[in-house]
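**Student:**
Put into structure tokens, the structure is as follows:
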């Protein structure tokens, strides 16, 4: 995935790569307690970097390709006012999630065309997204290629407590209509998660977790590690052999340099009371019905 920026509109957020052990850098500042600078990730290797400044009147945007049978795409982000392209990503493949890009507040159009297509090509999909000050946003394409959809997710980068981590789950699999995720001990994380849905963030104990994924007749397992102080999104994706897997993507981490200005993104994608300081296995059990809607 190749990145290019075509106008000087702010500081680019730190970009890192991702395996099953996420890790990039950022902590809250004294002026904004409990908030962290966003990290970037793709599905490769882990890199730890220093945090970056949050320019006044700007937010962050990252992009994801979550459609298993859609070939690689080139993505452009253009200002809705004036139409100028502010940055581009080339050769974005399935499972790729870009690093965060710092953008001035305002409305932007995210367009995707087949990789290598001319700039005048009709986008296979496009979406308008609003960037708000000091807020982080993920825009992702998901679903099968003949029913491609795009969705915008608000990323809550509030820093977890000591020796804790914060996670949420985004269901992007097309293998089955619904997916259940449980711990290896049989306790539910989410039940009946539909494609394109996301849970609220939950605070959990940092460490290693073994997860079991079930959708219809498909059953798979995935091991994930969440580091202390990290905020992570767990993407449920398809495997090449028709199975299910979980890909962790780091949203932010408390390891590294202190950023110049914090991030306060509010309550996360779904509204509701905080699930702070709950053990991982208690996530679903504390509220009636499944967490994901």
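In mature numbering (1 follows the signal peptide of the UniProt record, and there is no 0), the protein residues as written are -30 to -1, 1 to 263. Heads up, the beta-carbon is just placed ideally off N, CA and C, and yes, glycines get one too.
If you follow the beta strand (DSSP E) that residue 119 is in, where does it begin and where does it stop?
**Tutor:** 119 to 125
**Student:** Using DSSP with H/G/I as helix, E/B as strand and the rest coil, what is residue 133?
**Tutor:** Three-state DSSP puts residue 133 in coil, outside helix and strand.
**Student:** Quick one: measure Cβ to Cβ for residue 135 and residue 200, integer angstroms, because I've assumed they're closer than 8 Å.
**Tutor:** Rounded, the Cβ-Cβ distance is 5 Å, consistent with contact.
**Student:** Decide if residue 164 is buried, meaning its Cβ has at least 16 other Cβ atoms within 10 Å, or exposed.
**Tutor:** exposed
**Student:** Helix, strand or coil: which one does DSSP assign to residue 150?
**Tutor:** strand
**Student:** Taking the alpha carbon of residue 145 as the reference point, which residue from 209, 116, 111 has its own alpha carbon closest?
**Tutor:** 209
**Student:** Among the residues of its own chain, which have a CB less than 6 Å from the CB of residue 198, if the five just before and after it don't count?
**Tutor:** The residues are 133, 176.
**Student:** For the structure I just gave you, are there three or more beta carbon pairs, one from the region 67 to 84 and one from the region 175 to 192, closer than 8 Å?
**Tutor:** By the Cβ criterion, the region 67 to 84 is not in contact with the region 175 to 192, since fewer than three pairs of Cβ atoms, one from each stretch, lie closer than 8 Å.
**Student:** Between 28, 40, 86, which lies nearest to residue 46 when the distance is taken from Cα to Cα?
**Tutor:** 86
**Student:** Under the three-state reduction of DSSP, which class applies to residue 115: helix, strand or coil?
**Tutor:** Note: residue 115 maps to helix in three-state DSSP.
**Student:** Residues in its own chain within less than 7 Å of residue 113 by CB, not counting five upstream and five downstream?
**Tutor:** 37, 119, 144, 165
**Student:** Could you spell out the range, first to last residue, of the beta strand (DSSP E) harbouring residue 196?
**Tutor:** 188 to 196
**Student:** Do residue 99 and residue 80 have their beta-carbon atoms positioned less than 7 Å apart in this structure?
**Tutor:** Yes.
**Student:** Mind checking residue 155: buried by the 16 CB within 10 Å criterion, or exposed?
**Tutor:** It is exposed - the Cβ of residue 155 has fewer than 16 other Cβ atoms within 10 Å.
**Student:** Going by DSSP in three states, residue 105 sits in which element: helix, strand or coil?
**Tutor:** coil
**Student:** Would you check if the distance between the CB atom of residue 33 and the CB atom of residue 109 is smaller than 7 Å?
**Tutor:** yes
**Student:** Round the Cβ separation of residue 125 and residue 221 to the nearest angstrom and send it over; I've been treating them as touching at under 8 Å.
**Tutor:** 5 Å
**Student:** Check residue 27 in the structure and name its three-state DSSP category.
**Tutor:** coil
**Student:** What separation, rounded to the nearest whole angstrom, lies between the Cα atoms of residue 214 and residue 121?
**Tutor:** 21 Å
**Student:** Around the Cβ of residue 218, are there at least 16 other Cβ atoms within 10 angstroms (buried) or fewer (exposed)?
**Tutor:** buried
**Student:** Indicate the three-state DSSP secondary structure (helix, strand or coil) for residue 60 in the structure shown.
**Tutor:** strand
**Student:** Residue 126: beta carbon under 6 Å from a heavy atom of the ligand FAD?
**Tutor:** This structure does not include the ligand FAD; it has no bound ligands of any sort.
**Student:** Would residue 35 and residue 70 qualify as a contact pair, given that the criterion is a beta-carbon distance under 7 Å?
**Tutor:** no
**Student:** Please report the residue range of the beta strand (DSSP E) in which residue 172 lies.
**Tutor:** 172 to 175
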